[in-house]
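Engineer: Let me give you the structure first, and then I'll get to my questions.
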Amino acid sequence: MLDGASAHAPVPVSPSIYADTLGRHLHHHVDRDADMDLAEALADAITATTAQLSLTAGRSPSSTVTILRRRDEHVDVLMLGDNLVVLPGRTITDPRLDHLHVPERRQYKQRLADGTGFDDTHRGLLVTLQQQQAARRNQPGGYWIAETNPAAAYQAIRATTPVDQIPWAIVATDGAYTPMQHLGITDWPTISAMTAADLHDILTRCHT
Numbered sequence: 012m013l014d015g016a017s018a019h020a021p022v023p024v025s026p027s028i029y030a031d032t033l034g035r036h037l038h039h040h041v042d043r044d045a046d047m048d049l050a051e052a053l054a055d056a057i058t059a060t061t062a063q064l065s066l067t068a069g070r071s072p073s074s075t076v077t078i079l080r081r082r083d084e085h086v087d088v089l090m091l092g093d094n095l096v097v098l099p100g101r102t103i104t105d106p107r108l109d110h111l112h113v114p115e116r117r118q119y120k121q122r123l124a125d126g127t128g129f130d131d132t133h134r135g136l137l138v139t140l141q142q143q144q145a146a147r148r149n150q151p152g153g154y155w156i157a158e159t160n161p162a163a164a165y166q167a168i169r170a171t172t173p174v175d176q177i178p179w180a181i182v183a184t185d186g187a188y189t190p191m192q193h194l195g196i197t198d199w200p201t202i203s204a205m206t207a208a209d210l211h212d213i214l215t216r217c218h219t
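Reading the sequence shown from the start, the letters are residues 12 to 219 in the working numbering.
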């Protein structure tokens with residue numbers, strides 16, 4: 012699952028094009044070799060995407076990446092960015108972006124909580140926030156994300172679990188998971204067995 016980061020400052024291609032291109036390259040590598048190391052597959056996909064879209068570090072869109080793969084009797088998880096994987100008794104996420112100290116992050120949330128709405132000041136804070144985050148992207152002490160640097164793949168959060176311990180799993184973006192938690196929609200075993208129509212109803216409720 013890939014979630015292209017919203018671009019509040021101009022980028023050469025849209026985040027959706029970046030995520031779609033990266034996903035296609037990643038799928039090609041993993042589909043070609045079911046035992047390929049997931050970090051290696053992601054690194055190769057980032058390299059291929061960067062070349063195909065002629066991207067430059069620091070001025071490129073970016074995307075979270077989460078891979079859940081069954082390999083023989085184990086399940087591998089690779090996560091780069093703030094998606095979530097919910098397993099029985101365990102939630103896996105990458106907290107490094109949230110742990111950055113960027114005042115604009117707190118400011119824009121507080122302004123919205125105070126009822127200001129999405130005004131010009133709000134949009135300006137989001138542009139500054141992304142600029143501050145970009146300055147700390149894919150480097151020690153900052154956070155790691157799929158952009159143009161293939162080395163980011165080797166900084167991903169990883170886990171391997173015996174398949175008999177995972178009767179179900181849920182992969183979600185933070186944009187889905189956060190409002191679901193807020194609304195108390197957290198019966199994960201039941202949600203894991205829902206139909207597409209049921210899941211659509213949940214997302215509609217979150218949106219509303």
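Backbone N, C-alpha and C define an ideal beta-carbon position, used for all residues, glycine too.
Excluding the 5 residues flanking Cys217 on each side, which residues of the same chain have their C-beta closer than 8 Å to its C-beta?
Structural biologist: Mapped onto the sequence shown, residue 217 falls at position 206. Counting only Cβ-Cβ distances below 8 Å, and skipping sequence neighbours, we find Ala187, Pro190, Met191, Leu194 and Ile196.
Engineer: For the pair the region 52-64 and the region 149-166, tell me if three or more CB-CB distances fall below 8 Å.
Structural biologist: yes
Engineer: Consult DSSP for Ala157 and reduce its assignment to one of helix, strand or coil.
Structural biologist: Residue mapping note: residue 157 aligns to position 146 of the sequence shown, counting from 1. Note: Ala157 maps to strand in three-state DSSP.
Engineer: Report yes or no: do the region 111-119 and the region 63-77 share at least 3 C-beta pairs separated by less than 8 Å?
Structural biologist: No, the region 111-119 is not in contact with the region 63-77.
Engineer: Based on the DSSP secondary-structure assignment, which residues constitute the bridge partners of Ile181?
Structural biologist: In the sequence shown, residue 181 corresponds to position 170, counting from 1. Val97.
Engineer: Excluding the 5 residues preceding and the 5 following Thr202 in the sequence, name in chain order all residues of the same chain whose CB lies nearer than 7 Å to its CB.
Structural biologist: For the purposes of this step, residue 202 is taken as the residue at position 191 of the sequence shown. For the record, residue 202 in the displayed sequence is Ile; it is not Thr. Ile181.
Engineer: Does DSSP classify Gly15 as helix, strand or coil?
Structural biologist: Position 4 of the sequence shown, counting from 1, holds the residue named residue 15. Correct three-state label for Gly15: strand.
Engineer: Between the region 164-175 and the region 88-96, are three or more C-beta pairs nearer than 8 Å?
Structural biologist: yes
Engineer: Is it the case that the Cβ atoms of Gly34 and Ala145 are separated by a distance below 7 Å?
Structural biologist: One-based indexing of the sequence shown puts residue 34 at position 23. One-based indexing of the sequence shown puts residue 145 at position 134. Cβ atoms of Gly34 and Ala145: not closer than 7 Å.
Engineer: Would you mind giving the Cβ-Cβ distance between Ala59 and His36, rounded to the nearest angstrom? I have them listed as a contact below 8 Å.
Structural biologist: Locating residue 59 in the sequence shown gives position 48, where the first residue counts as 1. Locating residue 36 in the sequence shown gives position 25, where the first residue counts as 1. That belief holds up - the Cβ atoms of Ala59 and His36 are roughly 4 Å apart, short of 8 Å.
Engineer: Thinking C-alpha only, which one of Ile156, Val138, Asp198 and Leu66 is nearest Val24?
Structural biologist: For the purposes of this step, residue 24 is taken as residue 13 along the sequence shown, with counting starting at 1. Selected option, being the one with the closest Cα: Leu66.
Engineer: Between the alpha carbons of Gly15 and Asn149, how many angstroms are there, rounded?
Structural biologist: For the purposes of this step, residue 15 is taken as residue 4 along the sequence shown, with counting starting at 1. For the purposes of this step, residue 149 is taken as residue 138 along the sequence shown, with counting starting at 1. Between Gly15 and Asn149, the C-alpha separation is close to 16 Å.
Engineer: Using only the alpha-carbon positions, how far apart do Glu84 and Val22 sit?
Structural biologist: What you label residue 84 is simply residue 73 of the sequence shown in a count that begins at 1. What you label residue 22 is simply residue 11 of the sequence shown in a count that begins at 1. Cα to Cα, Glu84 sits roughly 42 Å from Val22.
Engineer: Could you give the DSSP three-state label for Leu108: helix, strand or coil?
Structural biologist: The residue labelled residue 108 in the question sits at position 97 within the sequence shown. DSSP places Leu108 in coil when its eight states are reduced to three.
Engineer: Would the beta-carbon of Asn94 fall within 7 Å of that of Thr184?
Structural biologist: In the sequence shown, counting from the first residue as 1, residue 94 sits at position 83. In the sequence shown, counting from the first residue as 1, residue 184 sits at position 173. Yes, Cβ-Cβ distance for Asn94 and Thr184 is below 7 Å.
Engineer: Using the DSSP secondary-structure output, state which residues sit across from Val222 in a beta bridge.
Structural biologist: Within the shown structure, residues of the chain are numbered from 12 to 219, placing residue 222 beyond reach of any answer.
Engineer: For Ile57, does the three-state DSSP call read helix, strand or coil?
Structural biologist: If you number the sequence shown from 1, residue 57 lands on position 46. If DSSP states are grouped into helix, strand and coil, Ile57 belongs with the helices.
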